[in-house]
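Written below as structure tokens is the structure these notes are about.
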């Protein structure tokens, strides 16, 4: 008998600034590609992150994973590192433009560590909402193109 | 010629209380596992349920299924049974912890009956939002783990 | 020269259960008055509380009051006491029905203590949202009827 | 080495009116099937459209596609044609009921043209929200039934 | 001893169409004033109505007014008359442009009848949201300009 | 006969970065007062601005003021100047901390110019939401403390 599988989604928020800019390109090129997102002193967002994890319901506790464990991980690895920061100054954006596409990919690699600590769940999606009008989802490095 | 297939999502709300508790465990164990969700007199939520159904667009009516039929079913089987109730007192939680994981699974079995009454649609997802920060989705008993 | 006055609103959430019931009334009367809110085992809500405070902008800091102080107070006096509780078991509802009207009044008296600790601001409103469709506001014991 | 694939979602809003009605059916049949949505002078909605596109992150720009290009396309092909219109008067609903099922399908065919202009992305979903309580998703003409 | 006074807000939604047009003006004038809101076949919205009532908390029930009474009134006088309608065809807009300003005023006069039926509360505000980006509030015919 | 007076609210969004910092204070003082909002490279928000204007309904048009005029003003004076900017680099924050209290006051002075151009309305409130959990309202320089 297999246990039923549930997918849970957990949401956190953080506030950060960034600037879309490629050093190797000219000022004109940067403006043409990134528009107002290239303004020299940066801008910012209230980012919303949703992480989706899939796993079997534990018959004893009725839970897929303890949200307290997930929140403790997110407090340390997500909020502590990204909240009230300038994304461009973080190591992970030293060689990459701080687009939300790249941010989603970075957050996937972070939450894969939670997956390793709690192998009863499988990380299936990281979704980052930059504003109410756009969002970016990453489904893992092996997701089919 | 096959008809185009659309997936519709319909949302309802209900207010209920619950307490996460396993009788077979000690008070200390219950507190360790469930934290504040184990407080003795319970607590509650405004639950949001979204049911997703997939089916071919009827060429005559332009609809996949009549939302009036779906709402009548939900009024009787969802709202009447769960709204303004204590989940722990319901039959379906007599032997299971009233987690939202287990609630999502229970709601799947309920809406499978709608699926049987209206076989032109296929139930593909039940999503339950406990708070704005967490949600649980069930994709069926045969969904791959 | 007087400083400009700003009104700030701060929002917190808590999850609680309650039952609307008056012991002195018959079961029929309770049902007639409170309807489904009188169901014997209670139900619950995700409550949203917004507190509005008015004060002069401090010329040095640009702030009316430090939100860190306000959040610390709310963590201790609001979240700790109301979150994941059954309102009916709290002292403040021992002699009063646990309606959101009475809850708004109780929260006013709690946040008046913040007002005493930080007299540079004036408490002007407590708003409690029980569901997305109803809310209750209290403007103080001296607000004109 | 393949580039990581991200799915982006972009949201736009438009306001339109419509009436659900089939000329070939009697007034009684129309009322029975469409209920209040068949009221003779129509009604309307604030429609929300979300388009999901999937593609590899461009190593140079960090973007899957330039949102400025997507917004320019949507301004011309979505907002200009649907906003502040009566759906029933549009060519695409001359022979079809103006249900949101059929609207989702029509919007898919529109955004497939964006897909042709920018082949580095693949259109994977069009979601139309008619009210906060219902939504309709189309995944393409070849999506499995 | 006076009872504490609470202000409650109750929200309902309805879907309607309208067209902003003044018969006495030329087509050019109508277009200049109303822009896309003057498109000949109309458009529509999901309208959100919030009614605010103020009254003393009843010492026995803990309520300002029974929401069941308010909802029954709104079902009959608001939803039944406005939902899934074309505002321009209603009597109240026979001689007035169907702007949301005029709609707010009309809804005030409707809910004043509730105020007459339940004089323990005072109608203090009607708020109508046409889209997420605009709203109109009416505070009564005697509100100071 | 006086015309009925309506209060309209119009909402816009912009994305900006800022850092709370007072040059005259030590690093320790800045950290003590502003906490994480003092992080050296700044952070950012999706700011939501709502402006409330009050005026008589024009008998001919049914409008208090033409929203097209208001939007044109906001595009030029609000979005163009604040969107995708670092608040600290703007003239209005050269001598003031870029708190949302001070931002609300600055936006009041901007929209007073709209009030001068369209004297049929009176500016009564500017509300700025920094995150979903906090907001700041300014009611004018003469509002009673």
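Residue numbers (this note's numbering), protein chains in the order written: chain G, 458 to 602; chain H, 458 to 602; chain E, 458 to 602; chain Z, 458 to 602; chain W, 458 to 602; chain A, 458 to 602.
Note that the Cβ used here is the ideal one computed from N, Cα and C, for glycine as well.
Note that the structure is predicted; figures quoted are calculated from it, not measured.
In chain W, which residues lie with their C-beta within 7 angstroms of the C-beta of residue 517 of chain A? 479
Closest to residue 482 of chain Z by C-alpha separation, out of H:463, H:517, H:478 and H:600, would be which residue? H:517
Pick helix, strand or coil for residue 546 of chain W, following the three-state DSSP scheme. helix
Residues in the segment 551 to 581 of chain W with C-beta within 7 angstroms of chain A's C-beta atoms, listed in sequence order? 553, 554, 556, 558, 559, 561 and 562
Pick out whichever of Z:525, Z:564, Z:543 and Z:514 has its Cα sitting closest to the Cα of residue 534 of chain Z. Z:564
Within 10 angstroms of the Cβ of residue 464 of chain A, are there 16 or more other Cβ atoms? Answer buried if so, exposed if not. buried
Does residue 525 of chain A come within less than 8 angstroms of chain W when only Cβ atoms are used? yes
Closer than 8 angstroms, CB to CB, is residue 467 of chain E near chain A or not? yes
Would you say residue 514 of chain E faces chain A, with C-beta separation under 8 angstroms as the test? yes
Can you grab the Cα-Cα spacing for the pair residue 602 of chain E / residue 598 of chain A, in whole Å? Caution is warranted here: a pLDDT of 44 is assigned to residue 602 of chain E, below 50, making its placement in the model unreliable, and the coordinate value is therefore given only provisionally. For residue 602 of chain E and residue 598 of chain A, the distance between alpha carbons rounds to 28 angstroms.
Please give me, in chain order, every unbroken run of the beta strand (DSSP E) with length at least 3 that falls completely inside the segment 512 to 589 of chain H. 578 to 588
Identify, in the order they occur along the chain, each residue of the same chain with its Cβ nearer than 6 angstroms to the Cβ of residue 562 of chain G, setting aside the five sequence neighbours on each side. 595
Shorter than 8 angstroms from the beta carbon of residue 531 of chain H to some beta carbon of chain G? no
Say whether chain W places a C-beta atom closer than 8 angstroms to the C-beta of residue 591 of chain E. yes
Per-residue burial, residue 476 of chain W [other beta carbons within 10 Å of its own, 16 or more giving buried]: buried
Taking 8 angstroms as the threshold (beta carbon to beta carbon), is residue 474 of chain W in contact with chain Z? yes
Buried or exposed: where does residue 544 of chain W fall if 16 or more other Cβ atoms within 10 Å of its Cβ makes it buried? buried
I want to verify the contact list: residues of chain E whose CB lies under 7 angstroms from the CB of residue 501 of chain H, in sequence order. 472, 473, 474, 500, 501 and 502
What residue does the alpha helix (DSSP H) around residue 484 of chain W start on, and which one ends it? 484 to 491
C-alpha gap between residue 592 of chain Z and residue 586 of chain Z, whole angstroms: 4 angstroms
Closer than 8 angstroms, CB to CB, is residue 549 of chain H near chain E or not? no
Backbone secondary structure at residue 591 of chain A - three-state DSSP: strand
Taking 8 angstroms as the CB-CB cut-off, is residue 508 of chain A touching chain W? no
Measure from the alpha carbon of residue 609 of chain Z to the alpha carbon of each residue in Z:470, Z:460, Z:467 and Z:504, then state which is nearest. This structure gives no information on residue 609 of chain Z, because the portion of chain Z shown stretches from 458 to 602.
Taking a contact to mean a Cβ-Cβ separation below 8 angstroms, would you say residue 494 of chain Z touches residue 478 of chain W in this structure? no
Locate the beta strand (DSSP E) running through residue 476 of chain A, then write down its first and last residues. Unbroken run through residue 476 of chain A: none, as it is neither H nor E.
Thinking just about the alpha-carbon of each residue, which of W:546, W:548 and W:571 is nearest to the one in residue 522 of chain W? W:571
If we ignore side chains and look at the alpha-carbon of each, how far apart do residue 474 of chain Z and residue 546 of chain Z end up? 10 angstroms
Since residue 487 of chain E meets chain H, which of its residues come closer than 9 angstroms, beta carbon to beta carbon? Within chain H, no residue comes near residue 487 of chain E; the closest Cβ sits about 14 angstroms away, beyond 9 angstroms.
Look up residue 495 of chain W in the DSSP assignment and say whether it is helix, strand or coil. helix
Using a Cβ cut-off of 8 angstroms (strictly closer), state whether residue 542 of chain A contacts chain G. yes
Closest to residue 460 of chain W by CA distance: which of W:582, W:577 and W:581 is it? W:577
Closest to residue 524 of chain E by CA distance: which of A:560, A:559, A:525 and A:491 is it? A:491
Supposed contact pair residue 519 of chain E and residue 558 of chain A - C-beta distance, whole angstroms, cut 8 angstroms: 6 angstroms
Could you check which residue in H:514, H:506, H:470 and H:532 has the C-alpha nearest to that of residue 582 of chain H? H:506
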